[in-house]
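Data first, discussion second: the structure below is written as structure tokens.
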């Protein structure tokens, strides 16, 4: 795992023993993973020109790309990538310089671009593309390219959001025990 977790300009990823990082992923630079987070095979998380923060019990599934936008005179804070608690990021999703709230499901192959804010309790459907600087309001399913609000989430969908992250906490614990 030592080669897949690397420092950049003297800043190393930070996480504790409760975190699972697959040895086939690459985590570089200013990336912090909170308790019980998991990173699965072929994930690339590059916190080189800004920061990446991943919340408690959140999981980033196979082949996903996490990146940021550098700070500049025009945009002094750039666009960090902030992922809240209990977030499930589906296979091959791309998150770039956006903010994801708590209890969010990002579908497989979704693309979320700079400056987007996804509020709490949201599902972004597989294959959706969220254009820059859009806000996805809490409690809805969003889908399409460009992404649009489709409908309110059902009670069952709202209940599933923390269950999804809990399923991945159990799975990463099994991997850590091997």
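In our numbering, the protein residues as written are -9 to 168.
Just so it is clear, CB atoms sit at the ideal spot from N, CA and C, and this is done for glycine as well.
- A Cβ-Cβ separation of about 11 Å leaves residue 34 out of contact with residue 42 under the 8 Å criterion.
- Between residue 73 and residue 95, the CB-CB gap reaches or exceeds 7 Å.
- Annotation: residue 137 to residue 101 spans about 10 Å, alpha carbon to alpha carbon.
- Taking a contact to require three or more Cβ pairs closer than 8 Å, the region 129 to 136 and the region 114 to 121 qualify as touching.
- Residues of the same chain with a CB within less than 7 Å of the CB of residue -5, apart from the 5 flanking positions on each side, are 3, 11, 17 in chain order.
- Under the three-state reduction of DSSP output, residue 138 falls in the strand class.
- Residue 59 is not a Cβ neighbour of residue 53, given a cutoff of 7 Å.
- Apart from the 5 residues on each side of it in sequence, residue 27 sits with its Cβ closer than 6 Å to the Cβ of 9, 44, 48 in its chain, given in chain order.
- In this structure, the straight-line span from the alpha carbon of residue 122 to that of residue 111 is close to 20 Å.
- In its chain, beyond the 5 residues on either side, 26, 47 have a beta carbon closer than 6 Å to the beta carbon of residue 159.
- Within the model, the alpha-carbon separation for residue 128 versus residue 1 is close to 34 Å.
- Bounds of any alpha helix (DSSP H) do not take in residue 55; it lies within the beta strand (DSSP E) bounded by 55 to 57.
- Every unbroken stretch of the beta strand (DSSP E) spanning 3 or more residues and falling wholly within the region 58 to 83 is given here in chain order: 71 to 73.
- Assignment of residue 143 by DSSP, reduced to helix, strand and coil, places it in the coil class.
- In the three-state reduction of the DSSP assignment, residue 128 falls in the coil class.
- Around the beta carbon of residue 51, 16 or more other beta carbons sit within 10 angstroms, so the residue counts as buried.
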